[in-house]
Structures are given as structure tokens and as C-alpha cells.
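One structure is given here, and the rest of the page talks about it.
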Amino acid sequence: MDLIDSTVKRAMIIVAHPDDPEFFCGGTIACWIKQGIEVSYLILTNGNKGSKDPNIIPEQLVAIRENEQRNAANVLGVKEVIFLGENDGELSYTLQLRQHVVRELRRFRPQIVITTDPTCYLIYGTRINHADHRMAGEIAFNAVFPATGSPMYHPELLAEGLKPHSINCMYLTCTHAPNLQVDITDTCEIKLQAISCHASQITNFSQLAERMRNRNKATDKHGNTIYQEGFRHVTFS
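Under numbering that gives the first Met the number 0, the first residue of the sequence shown carries the number 0, and numbering increases by one thereafter.
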């Protein structure tokens, strides 16, 4: 089930790292784009620590990962990818970073934001959630409310022509408390195709693809195999 209706024209994905959108919610993104929704990525860090290769230079890794992210976004049909360039593993809440996020929210004016659940410390009950994932969600929440919708926050953005914009719906991915499952049966393979663009993060794609299929696999009421992505759906009045 998905709660998207015809009033939704734009969605923004606010996450910590290059590759987070595809791994966490690539199937849902592809579904929305097929419905005609414009999707924008806001990637908060540069991914410069996302390697175990001691010989790779961080600046080289940044360029590689940004290119991989753009290629993956192109596979899904994402409208734009914006990188804010914070250091990987060092993401923290600052007013300056919140201002950057608010700027992009007021510019793109999405009806829905996907971000990572800031309250989730364990994924699937056994895996420690990266601190950057939690912080990305914290930053996104504070940007969405109250800052993006209020002229009293970051008034300098008004001088840029960026008027307040209210958002009343968020989908939290990477969560321990999903209350909404989006059927991605028709887009599971394109999700995997997009994930394959992140070659610097993958050692054996066929094994990874099988794990991802198993993770997203479910059974519908008729006993048929389907694929789903789970979210914690929240709305604000």
C-alpha cells in the first residue's frame, strides 16, 4: 500500500550518503517517478570515508561516489542530485547546515520528504545504524518543521526569493518501526540496477542482489510473492 495521491507532484529524498537512496528506498522512488512525481536527492555528506582501501585518496573517493550517485539517479529517472559536501562520519546538526537544507526544500517545494529515522539505533534488530543516518533524519526533521514553513527562520532566504513552504508528510526509511509497506514488485529490478552503479561499495553484486530481494520479499493475501519497502509514515497538522 502507498498513500500517494494525485496532489503529490514533488518528493525530496534527504539522506546522509551517496548510495543511501537506492539501498533504502530505490523501489519506492522508481514507483513514484513512474507515477509522474518529480524526485530530488539531497545528499548531506560526500562519502569520503566509504572505503576500506587504505590506498585510496579521500578526494578521489568523493569524485567516484558522486559520479556513481548521479548514474544511479539517472537509472531511476531522478530529476536532480544535490550534494552538500559534509564529511562522512562527521555529520552534525548546525544552524548553517539546517539553512542549506531549508534552502533546498523551499526551492524544490516537495509535498513529501523521505529521510532516515532519527530514532533508529538498530536496523533489523541486529545491525548498528550509522550515526550519520540518524543525524540526517534529525536535520531533516528540524528543517521540515518549523524552519521551512516559517518566515521567522532563516529570513535571509526571503531575500533570495525563497518563500516558506509547508510539508505535512514524511516517510522514514531505515526504521525499526515501519507502519507502511510500499509494493515495489514492479520496480525491484530497476532498484537493483541502480544499486549496481555504486561499484565502489559492492564486492559481489549477485550475492548482494539476492540479499536485497530476500530482504524486500513478502507474500500478499493471495499467497503470491511480492516485494516491499517499509517506512514509518508520519504526518503533521
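Cβ coordinates follow ideal geometry from the N, Cα and C atoms, glycine included.
Counting only runs of 3+ residues fully inside the region 125 to 198, write out the beta strand (DSSP E) ranges in chain order.
Fully enclosed beta strand (DSSP E) runs of 3 or longer: 168 to 172 and 179 to 182.
Tell whether a beta-carbon distance below 8 Å holds between Pro117 and Phe144.
Your numbering for residue 117 matches position 118 in the sequence shown. Your numbering for residue 144 matches position 145 in the sequence shown. Cβ atoms of Pro117 and Phe144: not closer than 8 Å.
Where do the N-terminal and C-terminal ends of the beta strand (DSSP E) with His232 fall, by residue?
Walking along the sequence shown from the start, residue 232 turns up at place 233. Start and end: Thr224 to Thr234.
Taking buried to mean at least 16 other C-beta atoms within 10 Å of its own C-beta, is Ser165 buried or exposed?
By one-based count along the sequence shown, residue 165 stands at place 166. Classification for Ser165: exposed.
According to DSSP, simplified to helix, strand and coil, what is Gly84?
Within the sequence shown, residue 84 is the residue found at index 85, counting from 1. Here Gly84 sits in strand by DSSP.
On a CA-only basis, which of Asn215, Arg231, Lys220 and Gln200 is nearest Pro17? Give me that one, please.
For this step, residue 17 is matched to residue 18 along the sequence shown. Closest option to Pro17, Cα to Cα, is Gln200.
Taking the runs of the beta strand (DSSP E) that are 3 residues or longer, which of them lie wholly in the region 89 to 120?
Whole beta strand (DSSP E) segments, 3+ residues: 111 to 115.
Start and end of the beta strand (DSSP E) containing Ala15?
For this step, residue 15 is matched to residue 16 along the sequence shown. Taken as a continuous stretch (DSSP letters only), Ala15 belongs to no beta strand (DSSP E), as it is neither H nor E.
Can you tell me whether Lys190 is buried or exposed? The criterion is at least 16 other CB atoms within 10 Å of its CB, across all chains shown.
As a first step, residue 190 is located in the sequence shown; it is residue number 191 there, counting from the start. That one is buried.
Helix or strand or just coil, what does DSSP make of Val77?
What you label residue 77 is simply residue 78 of the sequence shown in a count that begins at 1. Coil.
Report, in whole angstroms, the separation of the C-beta atoms of Met134 and Val233, which I expect to be a contact under 8 Å.
To locate residue 134, count along the sequence shown from 1; it is residue 135. To locate residue 233, count along the sequence shown from 1; it is residue 234. In fact, because the Cβ distance is near 18 Å, the residues do not count as touching under 8 Å.
Could you please give the first and the last residue of the uninterrupted alpha helix (DSSP H) stretch that includes Ile56?
By one-based count along the sequence shown, residue 56 stands at place 57. First-last for Ile56: undefined, no H or E at that position.
So Thr44 is in the beta strand (DSSP E); what residue range does that whole segment cover?
Here residue 44 is taken as the residue at index 45 of the sequence shown, counted from 1. Element bounds for Thr44: Glu37 to Thr44.
If you compare alpha carbons, which of Tyr92, Leu75 and Leu96 is closest to Phe82?
Along the sequence shown, one-based indexing puts residue 82 at 83. Checking every option, the nearest Cα to that of Phe82 belongs to Leu96.
Report the residue from Gly84, Lys48, Ile32 and Asp182 whose alpha carbon sits nearest the alpha carbon of Asn223.
What you label residue 223 is simply residue 224 of the sequence shown in a count that begins at 1. Of the candidates Gly84, Lys48, Ile32 and Asp182, the one whose C-alpha sits nearest the C-alpha of Asn223 is Asp182.
Since Lys216 is in the beta strand (DSSP E), which residue starts that stretch and which ends it?
Locating residue 216 in the sequence shown gives position 217, counting from the first residue. Start and end: Lys216 to Thr218.
State the start and end residues of the unbroken alpha helix (DSSP H) segment that holds Cys25.
Translated into the one-based positions of the sequence shown, residue 25 becomes position 26. Before going further, note that residue 25 is Gly rather than Cys in the sequence given. Note, Gly25: alpha helix (DSSP H), Asp19 to Lys33.
Work out the CA separation of Arg9 and Phe107 for me, nearest whole Å.
Translated into positions along the sequence shown, residue 107 becomes position 108. Translated into positions along the sequence shown, residue 9 becomes position 10. Whole-angstrom Cα-Cα distance: 8 Å.
Tell me the DSSP secondary structure of Ile3 in three-state form.
For the purposes of this step, residue 3 is identified with residue 4 of the sequence shown, where counting begins at 1. Coil.
So what's Ile122 in DSSP terms, helix, strand or just coil?
Taking the sequence shown and counting its residues from 1, the one referred to as residue 122 is at position 123. DSSP places Ile122 in strand when its eight states are reduced to three.
Quick check on DSSP: helix, strand or coil for Ser205?
Working through the sequence shown from its first residue, we reach residue 205 at position 206. Residue state, collapsed to three classes: helix.
Take the Cβ of Asn128 as the centre, count every other Cβ of all protein chains shown within 10 Å, and call the residue buried at 16 or more, exposed below.
In the sequence shown, the residue the question calls residue 128 occupies position 129. When all chains shown are included, Asn128 counts as buried.
Considering only C-alpha positions, which residue in the set Val74, Asn86, Ser50 and Tyr123 is nearest to Cys30?
In the sequence shown, the residue the question calls residue 30 occupies position 31. Ranking the options by Cα distance to Cys30, first place goes to Val74.
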